[in-house]
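Reading through the structure tokens given below for one structure.
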Amino acid sequence: MKSFAGKKYYFVGAGGIGMSGLAMVLLRSGAEIYGSDRQGGFVIEKLNSLGADIKIGHMKEWLQAAGEMDAVVISAAVGSDNPELKYAKEKGFRVLKYAQMLGQIVDQHKGIAFAGTHGKSSTSGWAAFMLSRLEYSPNYIVGADIKQLEGSSGVGKGNDFIVEACEYDRSFINIRPETAVITNIDLDHLDYYRDIDDIIGAFSEFLAGVKPGGKIILNADDRYYKPLLESYYERMKSFGREPADIITYGIEANADYKASGLKLEDGTYSFELCYDGYPTGRIHIELPGVHNVYNCLAAIAALGSQGVETEGLIRTAGLFEGIDRRLMVLAERQGIKLIDDYAHHPTEIRASLAAVRQMYRPQRIVCVFQPHQYSRTRFFMDDFAQSFELSDLVIVPEIYFVRDTLESTKQVSSQDLVAKIKEKGSEAVFIDSFTGILSYLKENINSGDVVITMGAGDIWKVAEDYIKWLRTGS
Numbered sequence: 001m002k003s004f005a006g007k008k009y010y011f012v013g014a015g016g017i018g019m020s021g022l023a024m025v026l027l028r029s030g031a032e033i034y035g036s037d038r039q040g041g042f043v044i045e046k047l048n049s050l051g052a053d054i055k056i057g058h059m060k061e062w063l064q065a066a067g068e069m070d071a072v073v074i075s076a077a078v079g080s081d082n083p084e085l086k087y088a089k090e091k092g093f094r095v096l097k098y099a100q101m102l103g104q105i106v107d108q109h110k111g112i113a114f115a116g117t118h119g120k121s122s123t124s125g126w127a128a129f130m131l132s133r134l135e136y137s138p139n140y141i142v143g144a145d146i147k148q149l150e151g152s153s154g155v156g157k158g159n160d161f162i163v164e165a166c167e168y169d170r171s172f173i174n175i176r177p178e179t180a181v182i183t184n185i186d187l188d189h190l191d192y193y194r195d196i197d198d199i200i201g202a203f204s205e206f207l208a209g210v211k212p213g214g215k216i217i218l219n220a221d222d223r224y225y226k227p228l229l230e231s232y233y234e235r236m237k238s239f240g241r242e243p244a245d246i247i248t249y250g251i252e253a254n255a256d257y258k259a260s261g262l263k264l265e266d267g268t269y270s271f272e273l274c275y276d277g278y279p280t281g282r283i284h285i286e287l288p289g290v291h292n293v294y295n296c297l298a299a300i301a302a303l304g305s306q307g308v309e310t311e312g313l314i315r316t317a318g319l320f321e322g323i324d325r326r327l328m329v330l331a332e333r334q335g336i337k338l339i340d341d342y343a344h345h346p347t348e349i350r351a352s353l354a355a356v357r358q359m360y361r362p363q364r365i366v367c368v369f370q371p372h373q374y375s376r377t378r379f380f381m382d383d384f385a386q387s388f389e390l391s392d393l394v395i396v397p398e399i400y401f402v403r404d405t406l407e408s409t410k411q412v413s414s415q416d417l418v419a420k421i422k423e424k425g426s427e428a429v430f431i432d433s434f435t436g437i438l439s440y441l442k443e444n445i446n447s448g449d450v451v452i453t454m455g456a457g458d459i460w461k462v463a464e465d466y467i468k469w470l471r472t473g474s
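See below:
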């Protein structure tokens with residue numbers, strides 16, 4: 001990535017997982033990185049230790065002092081009223097969204113982009129891990145820290161570049177990879193998309209951006225596999241272009257890469273990997289849940305399509321230990337197991353709770369669920385309520401505010417969700433503050449229970465405080 005050496009970039013909202021990963025890749029490529037974030041923390045400290053100059057708070061003076069920039073990169077959370085963004089536009093600086101900057105980097109490499117409503121962080125992390133273990137020395141930017149690598153991003157000596165491609169705001173159409181993977185499609189981001197047809201259309205548009213001669217990897221078991229394929233073929237026909245090669249994976253369907261003979265062993269799955277109908281070897285993954293079999297298959301199919309030998313994929317797939325905040329066991333004290341999980345959509349909640357039941361067979365599952373976005377909570381109220389049927393108790397704090405309007409906060413509340421969960425037959429309680437939740441956990445959790453903090457917001461802070469109390473009693 002020599003073309004970025006010596007260039008200057010200013011990151012507005014540098015502390016997010018994607019933005020920080022991108023900044024680190026540019027830093028390691030010899031670029032100068034400046035920027036800001038509304039709050040400090042470990043990520044900002046790490047960036048600054050690598051040579052960046054990230055300030056706390058959003059002030060145009062930070063950008064003024066940094067001087068001329070090759071580009072100002074903004075996160076999806078940055079609004080039009082941000083003082084640094086306004087100053088950048090006044091000065092005529094080039095302004096790029098995160099996905100636009102990411103697309104420019106990927107365009108100079110052999111890009112492998114992982115998209116999908118669920119599982120794209122785990123799958124892209126899995127692929128980055130396997131390529132690293134097999135000494136391909138990949139570059140990567142994914143949506144969470146990879147436990148066995150150096151974080152959420154890395155710069156290697158190879159030409160492969162693995163990225164997570166997010167569908168929100170159609171941002172993934174800025175990425176034109178040589179290989180595109182779609183793990184699944186589900187209703188989500190209904191504050192942006194009209195309906196499922198609109199979502200399928202966006203994914204189809206992303207696939208149309210695959211470079212000529214490229215490959216597309218699809219989940220043949222996904223309910224929207226056929227509508228997506230039809231939409232893609234129609235789009236390519238209208239463009240007068242040849243479609244990319246389609247490679248499939250699955251468990252039920254007759255796919256190119258298929259998991260056969262699934263067996264549950266000590267809470268996790270093993271399976272026979274079949275390619276083109278022929279068995280190639282058995283894999284036992286370390287991560288719980290059938291959804292992780294699919295994630296594993298997607299990563300294998302993506303790398304296999306690049307010519308990576310099957311033997312190496314089989315040998316390394318079962319060694320992957322996962323990514324940050326995905327059914328991550330934080331501690332076990334006094335017979336109580338504490339898990340932190342990123343699930344924030346009904347489909348993800350069901351999958352995570354089912355995996356925990358299979359893996360640990362707990363006396364009780366107590367789920368501390370922080371709803372993420374008022375709009376998502378309102379759109380999926382019934383589905384959320386039904387998704388907790390495998391939990392014995394759900395504790396719900398206030399909804400995490402992000403990308404919402406003030407008007408939307410008046411349309412739904414956590415108390416509404418608690419009432420709906422009870423209506424569906426599960427036990428639930430509303431506790432507004434993290435302090436109140438911690439007090440409740442101290443008094444009501446028993447040996448044999450599994451406590452899961454769950455959500456895409458900052459509910460992990462409850463887990464941290466509870467661990468501290470379990471260890472020290474204070």
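Quick note: the sequence shown uses full-length UniProt numbering, first residue 1, plus one each step. A virtual CB, placed ideally from N, CA and C, is assigned to each residue, including glycine. Because the structure is a prediction, the values reported are computed rather than measured.
Please say whether Ala-113 and Leu-303 have beta carbons closer to each other than 7 Å?
-> Within the sequence shown, residue 303 is the residue found at index 303, counting from 1. Within the sequence shown, residue 113 is the residue found at index 113, counting from 1. With contacts defined as CB atoms closer than 7 Å, Leu-303 and Ala-113 fail to qualify as a contacting pair.
Less than 8 Å between the CB atoms is what I'm expecting for Asn-219 and Ala-298, so what's the real figure, rounded?
-> Translated into positions along the sequence shown, residue 219 becomes position 219. Translated into positions along the sequence shown, residue 298 becomes position 298. Right, their Cβ atoms sit about 7 Å apart.
Skipping 5 residues on each side, what residues in its chain have a beta carbon closer than 8 Å to that of Glu-205?
-> Walking along the sequence shown from the start, residue 205 turns up at place 205. So the qualifying residues of the chain are Arg-170, Ile-173 and Arg-235.
Taking Cβ positions, are Ile-137 and Glu-164 nearer each other than 7 Å?
-> In the sequence shown, counting from the first residue as 1, residue 137 sits at position 137. In the sequence shown, counting from the first residue as 1, residue 164 sits at position 164. The amino acid at residue 137 is misidentified as Ile; the sequence shows Ser. No, the pair does not count as a contact, with Cβ atoms beyond the cut-off.
Which residue from Asp-37, Lys-211, Ile-300 and Glu-321 puts its Cα closest to that of Gln-108?
-> Locating residue 108 in the sequence shown gives position 108, where the first residue counts as 1. Of Asp-37, Lys-211, Ile-300 and Glu-321, the residue nearest in Cα terms is Lys-211.
How would you call Tyr-278, buried or exposed, if buried means at least 16 neighbouring beta carbons within 10 angstroms?
-> On the sequence shown, position 278 is the one that residue 278 refers to. Exposed, because fewer than 16 other Cβ atoms sit within 10 Å of the Cβ of Tyr-278.
Anticipated Cβ contact below 8 Å, Asp-458 with Tyr-400, distance rounded | Counted from its first residue, the sequence shown places residue 458 at position 458. Counted from its first residue, the sequence shown places residue 400 at position 400. So it is a contact: roughly 7 Å between Cβ atoms.
To which residues of the same chain is Glu-252 closer than 6 Å at the C-beta, ignoring the five residues directly before and after it?
-> The residue labelled residue 252 in the question sits at position 252 within the sequence shown. So the qualifying residues of the chain are Asp-221.
Measuring CA to CA, which of Pro-243, Ile-196 and Ile-200 is closest to Ala-208?
-> By 1-based counting over the sequence shown, the position of residue 208 is 208. Minimum Cα distance to Ala-208 is reached at Pro-243.
Can you give the beta carbon distance from Gly-214 to Tyr-360, rounded, assuming they're within the 8 Å contact cut?
-> Translated into positions along the sequence shown, residue 214 becomes position 214. Translated into positions along the sequence shown, residue 360 becomes position 360. Going by Cβ atoms, the distance from Gly-214 to Tyr-360 rounds to 41 Å, so no, they are not a contact pair.
Can you tell me which of the three DSSP states Phe-401 falls into?
-> Here residue 401 is taken as the residue at index 401 of the sequence shown, counted from 1. In the three-state reduction of the DSSP assignment, Phe-401 falls in the coil class, being assigned neither a helical nor a strand state.
Mind checking who Gly-250 pairs with in its DSSP beta bridge?
-> Here residue 250 refers to the residue found at position 250 when the sequence shown is read from its first residue. The beta-bridge partner set that DSSP reports for Gly-250 consists of Lys-258.
What do you get for Phe-239, buried or exposed, if any count of 16 or more other CB atoms within 10 angstroms of its CB means buried?
-> As a first step, residue 239 must be located in the sequence shown, where it is residue number 239. Counting Cβ neighbours within 10 Å, Phe-239 comes out exposed, since fewer than 16 surround it.
Given Gly-16, which residues of its chain have a CB within under 6 Å of its CB, disregarding the five upstream and five downstream residues?
-> As a working mapping, residue 16 is identified with position 16 in the sequence shown. Contacts found: Ser-75.
CB Ala-385 to CB Ile-349, shorter than 7 Å?
-> Counted from its first residue, the sequence shown places residue 385 at position 385. Counted from its first residue, the sequence shown places residue 349 at position 349. Not closer than 7 Å, so no.
When burial is assigned at 16 or more other CB atoms within 10 Å of the CB, is His-189 buried or exposed?
-> Here residue 189 is taken as the residue at index 189 of the sequence shown, counted from 1. A buried status is given to His-189, since no fewer than 16 other beta-carbon atoms sit within 10 Å of its beta-carbon.
Return the first residue and the last residue of the beta strand (DSSP E) that Met-19 is part of.
-> Mapped onto the sequence shown, residue 19 falls at position 19. In the DSSP annotation of this structure, Met-19 is not part of any beta strand (DSSP E); the continuous alpha helix (DSSP H) holding it starts and ends at 17 to 28.
Pair within 7 Å by beta-carbon distance, Tyr-257 and Tyr-269 | Within the sequence shown, residue 257 is the residue found at index 257, counting from 1. Within the sequence shown, residue 269 is the residue found at index 269, counting from 1. The beta carbons of Tyr-257 and Tyr-269 sit no closer together than 7 Å.
Candidates Gly-448, Ala-355, Leu-319 and Val-394: closest to Leu-131 by CA position | Working through the sequence shown from its first residue, we reach residue 131 at position 131. When only C-alpha atoms are compared, the closest one is Leu-319.
N- and C-terminal bounds of the beta strand (DSSP E) containing Gly-51 | Numbered from its first residue, the sequence shown carries residue 51 at position 51. Premise fails: Gly-51 is in no beta strand (DSSP E) and is neither H nor E.
Decide if Thr-435 is buried, meaning its Cβ has at least 16 other Cβ atoms within 10 Å, or exposed.
-> The count along the sequence shown starts at 1 and reaches residue 435 at position 435. Answer is exposed; the Cβ neighbour count stays below 16.
Contacting residues, own chain, Cβ-Cβ under 8 Å from Met-328 (five flanking each side not counted) | Within the sequence shown, numbered from 1, the residue matching residue 328 stands at position 328. Counting only Cβ-Cβ distances below 8 Å, and skipping sequence neighbours, we find Gly-322, Ile-339, Asp-340 and Asp-341.
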